[in-house]
Amino acid sequence: MTEDLSPAERYAAARKRAAEQATALADFREMYDFGLDPFQIEACQALETGKGVLVAAPTGSGKTIVGEFAVHLALQQGKKCFYTTPIKALSNQKYADLAKRYGADKVGLLTGDNSVNADAPVVVMTTEVLRNMLYAGSQTLLGLGYVVMDEVHYLSDRFRGAVWEEVIIHLPESVTLVSLSATVSNAEEFGDWLDTVRGDTEVIVSEHRPVPLFQHVLAGRRMYDLFEEGEGRKKAVNPDLTRMARMEASRSYNPRDRRKGKMVREADRERERRQRSRIWTPGRPEVIERLDSEGLLPAITFIFSRAACEAAVQQCLYAGLRLNDDERRARVREIVEERTAAIPDEDLHVLGYFEWLEGLERGIAAHHAGMLPTFKEVVEELFVRGLVKAVFATETLALGINMPARSVVLEKLVKWNGEQHADITPGEYTQLTGRAGRRGIDVEGHAVVLWQRGFSPEHLAGLAGTRTYPLRSSFKPSYNMAVNLVEQFGRHRSRELLETSFAQFQADKSVVGISRQVQRNEEGLEGYKASMTCHLGDFEEYARLRRELKDRETDLAKQGAAQRRAAAAAALEKLKPGDVIHVPSGKFAGLALVLDPGIPAGRSNGHRGFEQHDGPRPLVLTAERQVKRLASIDFPVPVEALDRMRIPKSFNARSPQSRRDLASALRTKAGHIVPDRHRKGRAAAADDREITRLRAELRAHPCHGCNEREDHARWAERYYRLRRDTQQLERRIEGRTNTIARTFDRIVALLTEMDYLRGNEVTQNGKRLARLYGELDLLASECLRDGVWEGLSPAELAACVSALVFEARAADDALAPKLPSGKAKAALGEMVRIWGRLDALEEEFKISQTEGVGQREPDLGFAWAAHQWASGKGLDEVLREADMPAGDFVRWCKQVIDVLGQIAAAAPSVSGAGDGNTVAKNARKAVDALRRGVVAYSSVG
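Read in our numbering, the sequence shown has 891 at position 460, and its numbers run on one by one without any break.
Written out as structure tokens, the structure reads:
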């Protein structure tokens, strides 16, 4: 090839090669035994020229190479590099990788659990740790040259996303930022914002998957390709799948069906049998066997339920599946025993160790947040080593550690989002299937979706072919953020800083489009106004009277509904345990026995503005043996006790036998009683003077006699509807301008009222709040301020602090939590009362939880477990009483430990000196009491 070049061209090429070899990138490339992709080279070259970079590329494409180049540059230039990740497991994994490459002396680790070599030139940490460093003005920041933010798309997370923006905004200007993101559809917009707040930032987007992904549907015994083979970018859905979906949607065979009085013809039954023999949802063992026979293992099967993941492993074991030979089984046992040696023997049985080991030896495992972290780490290690070939996981695996597979299986395209069952989004589908195809191992990756009843091949093709995963800011100011900002920058500068957030950047951009819509609407209003003109009089005035009449009737109807709800709530407040009632409507309508009247001390769950959650929420046992906590929406009319029954002291709502016996007694006692029907009263509109006046004015108006009145009225209705929409758009424009700053102003006003701030001065109370991070930062600070935790033992303090972090997974039907007695119970009650005071204050200052700001009600559901564990009780006893998976228990304990550490640091600053140190001392003791057994085990350090 070079022979074809002229001497001048050869000379130029030689000079270019020499220049490239003199760069840091050339040295860096020598460290890898594979070539870099074009997007990696482009990003590294931009970094070397001093620019910041945003790299958006698919999962498994090698984005982290760019982050590792930043580490290489920092070490070469004698600067520091912080490598941040969203989760501790990812931090641990990255620490191990970098320590192996650069030596343990040059790499450190900082997470909530571990501190290893914190003064090293390269430190891996969770993003929250860096945020806390920035607010504290830590000396560790000296000499910092680069910050890598891995998985930066986490800033969309509504619970933790604000932390990413805080770091990006507050990092010193001298620091070069490397942002690594999954493929997002608005990378350019995010890059524009980074350019605004961080300076020159290069945006590198790569859609290319290094390992091509093939999409399949598994139905019955056959695996179908989702798309037809063909040329061009637009892929056609496999016609076989479309035909099968159409067949299934057609009327299926039912032996009771009759056509014109005759049984279904034999030919129809035969066709139905043939159809059914081809299409069914294969069982989990069948799926794994099929993948194994096709050479598609290892595979990750995503099931959106922890219990279903565990059940899937059991089903495979019962089916006799064995994916490992004897040699591999022995290797698995050796690794497992080595990794779990730190877990006390008496705890292994409690944790289901032997059943878990049996699955691992066969090459099958579950992976979900309810598992012990140690067990999850072992599963990850064995999977990467090829010793576990089938993993059943929840979607949390897709967001975390590097664990690629040859195939990914999705059982369903619907998941529970915390409120309802909803279709997974194209972004979620991309994230889940991104695990398929191991770079350097597999030639291709495979995504397999199981056929389900009602399956739509077109819907799946839409998910597989769409790359819409927009990055949406979840940034909101918090109390802790406010005092830290004011202390560092003063109120005015803090306000300006918050205006530079990505949230405000996106809001301001959206205003442009809304303004254009307002202009179009105003033109439309002129046209509608002309169309409703009447020759007999002012039709706009007539339309206004009609509108006022309609609004008045609607208001009266709402008032009537509110009065009925109030009457129903008043009736509910009179109920007592043992009352037999008839639930008038809803899913659980019918005979029921009141177990707990459910009268709240304050607002339920700390949410304002949700009417159906206000007032009493009785816990009842239905005649069908279900124990449910009902809402006021189930009682549209007042309810009265039909009879009374004694509830046995031995009754346990969790016991099916107890529920069955009591429900049977309920039916025997009151099954024959017919409840009185509620009679409706006279409508308020019939006697309303305002309605009578408006009707008279309408009849007297000249336009009332117009032959085209209803035609004019339709134009008038369109006019008023468009005017209402336009006014809403104008309010949205007003609301989106300076939204973050206005929220900050309200927070500052509340903190000033509570003596946390005085103008630009942060008071002693504010300095304490500045050390408390978390959702309930202000509540924790007030508890310290009021001495609520004084005199508590370490175990009692752990119980109280648990209420600041714990959130039950399913709050609605939960029974009243068991609480430790004595001082701890009194302190927990005082915490709830303080929260009630704060909640009222937030309402006064218009700080709304629905906007993601404010203090939720403390959840006491983990207090008993935290108290028992800190008191030295055994794991078996604690888990049994807590009714909680080991993984959840460990995670909540670690979060309690984290907040206890913050309290230990903040408590001495309580005014009045000496007493605060008691809380600090007991907080440190509580940390030691909790950090034992399975909670103490850590994979690093």
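No residue lacks a Cβ here, since even glycine has one placed at the ideal position from N, Cα and C. Because the structure is a prediction, the values reported are computed rather than measured.
C-beta atoms of residue i and residue j nearer than 7 angstroms
{"i": "residue 631", "j": "residue 807", "result": "no"}
{"i": "residue 673", "j": "residue 881", "result": "no"}
{"i": "residue 929", "j": "residue 1172", "result": "yes"}
{"i": "residue 494", "j": "residue 486", "result": "yes"}
{"i": "residue 905", "j": "residue 589", "result": "yes"}
{"i": "residue 839", "j": "residue 856", "result": "no"}
{"i": "residue 610", "j": "residue 583", "result": "yes"}
{"i": "residue 1069", "j": "residue 1016", "result": "no"}
{"i": "residue 1361", "j": "residue 1334", "result": "no"}
{"i": "residue 1351", "j": "residue 1331", "result": "no"}
{"i": "residue 517", "j": "residue 1321", "result": "no"}
{"i": "residue 1191", "j": "residue 903", "result": "no"}
{"i": "residue 980", "j": "residue 1125", "result": "yes"}
Member of the options whose CA lies at the smallest distance from the CA of residue i
{"i": "residue 1077", "options": "595, 1355, 1096", "result": "1096"}
{"i": "residue 596", "options": "575, 558, 644, 607", "result": "558"}
{"i": "residue 1238", "options": "441, 1207, 1265, 1214", "result": "1207"}
{"i": "residue 1049", "options": "1065, 867, 1066, 1029", "result": "1029"}
{"i": "residue 541", "options": "551, 530, 534, 556", "result": "556"}
{"i": "residue 762", "options": "716, 817, 615, 747", "result": "817"}
{"i": "residue 1072", "options": "1058, 1008, 772, 1090", "result": "1008"}
{"i": "residue 837", "options": "562, 1057, 1055, 725", "result": "725"}
{"i": "residue 507", "options": "1010, 455, 1233, 727", "result": "455"}
{"i": "residue 1004", "options": "657, 1027, 1013", "result": "1027"}
{"i": "residue 892", "options": "666, 1276, 1131", "result": "666"}
{"i": "residue 728", "options": "1305, 754, 964", "result": "754"}
{"i": "residue 730", "options": "821, 794, 760, 1256", "result": "821"}
{"i": "residue 1019", "options": "993, 1056, 1082", "result": "1056"}
{"i": "residue 1221", "options": "1349, 867, 1196", "result": "1349"}
{"i": "residue 657", "options": "775, 889, 550", "result": "889"}
{"i": "residue 936", "options": "574, 1286, 1168", "result": "1168"}
{"i": "residue 491", "options": "866, 505, 1257", "result": "866"}
{"i": "residue 1253", "options": "1226, 1147, 551, 920", "result": "1226"}
Separation of residue j from residue i, as counted between CA atoms
{"i": "residue 1393", "j": "residue 927", "result": "Because the chain spans 432 through 1372 in this model, residue 1393 falls outside it and cannot be assessed."}
{"i": "residue 1229", "j": "residue 620", "result": "44 angstroms"}
{"i": "residue 380", "j": "residue 1224", "result": "Missing from the structure shown is residue 380; the chain here goes from 432 to 1372 and no further."}
{"i": "residue 1214", "j": "residue 1179", "result": "20 angstroms"}
{"i": "residue 989", "j": "residue 1021", "result": "27 angstroms"}
{"i": "residue 844", "j": "residue 1291", "result": "35 angstroms"}
{"i": "residue 900", "j": "residue 615", "result": "5 angstroms"}
{"i": "residue 1357", "j": "residue 1251", "result": "15 angstroms"}
{"i": "residue 687", "j": "residue 853", "result": "With a pLDDT of only 47 at residue 687, under the threshold of 50, the placement of this residue in the model should not be trusted; the figure read from the coordinates follows. Using only the alpha carbons, I get a separation of about 33 angstroms."}
{"i": "residue 779", "j": "residue 771", "result": "9 angstroms"}
{"i": "residue 1139", "j": "residue 623", "result": "55 angstroms"}
{"i": "residue 741", "j": "residue 788", "result": "13 angstroms"}
{"i": "residue 1079", "j": "residue 1259", "result": "29 angstroms"}
{"i": "residue 738", "j": "residue 983", "result": "53 angstroms"}
{"i": "residue 710", "j": "residue 651", "result": "5 angstroms"}
{"i": "residue 514", "j": "residue 554", "result": "6 angstroms"}
{"i": "residue 1235", "j": "residue 1289", "result": "6 angstroms"}
{"i": "residue 782", "j": "residue 1012", "result": "43 angstroms"}
{"i": "residue 1194", "j": "residue 1365", "result": "41 angstroms"}
Cβ of residue i within 7 angstroms of any chain D Cβ
{"i": "residue 1270", "result": "Of the protein chains in the structure, only one exists, and it is not chain D."}
Cβ-heavy atom distance, residue i to the ligand SAH, below 6 angstroms
{"i": "residue 1147", "result": "Annotation note on the ligand SAH: not contained in the displayed structure, which lists no ligands."}
For a minimum of 4 consecutive residues, which ranges assigned as the alpha helix (DSSP H) are wholly contained in the stretch 1145-1233? 1170-1184, 1195-1200, 1208-1216
- prompt: Is it true that the stretch 624-638 meets the stretch 868-885, where meeting means three or more beta-carbon pairs spaced less than 8 angstroms apart?
  reply: no
Spell out a yes or no on whether the stretch 1187-1204 and the stretch 1251-1266 are touching, meaning 3 or more CB-CB pairs, one atom from each, closer than 8 angstroms. no
Quiz prompt | Three-pair Cβ contact test at 8 angstroms for the stretch 530-537 versus the stretch 470-478 | solution = no
Threshold first: 3 residues or longer. Then list the beta strand (DSSP E) segments lying entirely within the stretch 876-920, N to C.
876-881
Taking 8 angstroms as the cut-off, does the stretch 489-509 touch the stretch 576-583 (at least 3 CB pairs, one atom from each stretch)? yes
Practice prompt. Tell me, please, whether the stretch 1285-1299 touches the stretch 749-767 by the rule of three or more beta-carbon pairs shorter than 8 angstroms.
Written response: no
#### Entry: Uninterrupted alpha helix (DSSP H) stretches inside the stretch 738-818 (no shorter than 4 residues)
757-770, 776-781, 784-792, 804-815
- Message: Across the stretch 747-758 and the stretch 713-723, are there enough close Cβ pairs to call them in contact, namely three or more that are closer than 8 angstroms?
- Response: yes
Along the chain, which unbroken stretches of the alpha helix (DSSP H) at least 4 residues long are found entirely within the stretch 461-549?
469-479, 495-508, 519-533
Task: Complete runs of the alpha helix (DSSP H) confined to the stretch 1041-1103 [at least 4 residues] - done: 1087-1101
Any chance you could list the alpha helix (DSSP H) runs of at least 4 consecutive residues sitting entirely within the stretch 614-650, in chain order?
618-629
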